[in-house]
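Q: Sharing a structure with you now.
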Amino acid sequence: MEVSEFPEWLERLCLMLQNDGYMPKIANQVLISEYEPGQGIGDHTDKEACFKDTICILSLSSSCVMNLTRTSDTTQKIPIWLAPGSLTVLSADAKNKWMHGIPARKTDVWEDRKYARQRRISLSFRRLI
Numbered sequence: 000m001e002v003s004e005f006p007e008w009l010e011r012l013c014l015m016l017q018n019d020g021y022m023p024k025i026a027n028q029v030l031i032s033e034y035e036p037g038q039g040i041g042d043h044t045d046k047e048a049c050f051k052d053t054i055c056i057l058s059l060s061s062s063c064v065m066n067l068t069r070t071s072d073t074t075q076k077i078p079i080w081l082a083p084g085s086l087t088v089l090s091a092d093a094k095n096k097w098m099h100g101i102p103a104r105k106t107d108v109w110e111d112r113k114y115a116r117q118r119r120i121s122l123s124f125r126r127l128i
């Protein structure tokens with residue numbers, strides 16, 4: 000789908016990400032995902048030949064922990080707190096040498112506090128070649 004085919008609100012978000020310097024070129028693909036408590040997404044990279052440069056993930060509705068796992072040493076994990084309204088930017092090594100994933104669980108622990116997950120929406124902005 001071309002940017003001109005996005006709804007106006009989504010086209011504005013794509014332009015904002017580029018204009019604010021988060022993406023070198025405007026996103027021409029947006030994946031909108033819904034996660035209920037207990038759902039997640041396995042560790043993966045988005046370095047396929049069809050994706051270019053940077054990936055931006057906008058988290059909405061609920062918080063959760065996303066893990067970055069080094070592809071060359073899966074014992075190396077870095078947890079990242081995704082708060083509602085937060086933007087995660089994956090480029091260069093973070094995109095190509097680290098996998099990202101969200102464990103399937105109903106609660107997360109962050110800074111010694113337990114958080115119950117709620118319904119979460121994420122928008123993943125990418126540039127297709």
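Under numbering that gives the first Met the number 0, the sequence shown is numbered contiguously, ending at residue 128.
A virtual CB, placed ideally from N, CA and C, is assigned to each residue, including glycine.
Here the structure is a predicted model, which is why all the values come from computation and not from measurement.
Where DSSP assigns a beta bridge to Y114, which residues make up the other side?
A: Note: Y114 sits in a beta bridge opposite D107.
Q: Rounded C-beta distance between E33 and R118? I'm assuming under 8 Å.
A: Yes, E33 and R118 are in contact; Cβ-Cβ is about 7 Å, under 8 Å.
Q: On the DSSP bridge list, what partners appear for N66?
A: Answer is P78, G100, bridged to N66.
Q: Starting from the Cα of T53, find the closest Cα among S61, P83, T44 and give me that residue.
A: Taking only the C-alpha atoms, the option nearest T53 is T44.
Q: Report all residues from its chain with a CB closer than 7 Å to the CB of S61; omit the five preceding and five following residues, and keep chain order.
A: Result list for S61: P83, R116, Q117, R118, R119, in chain order.
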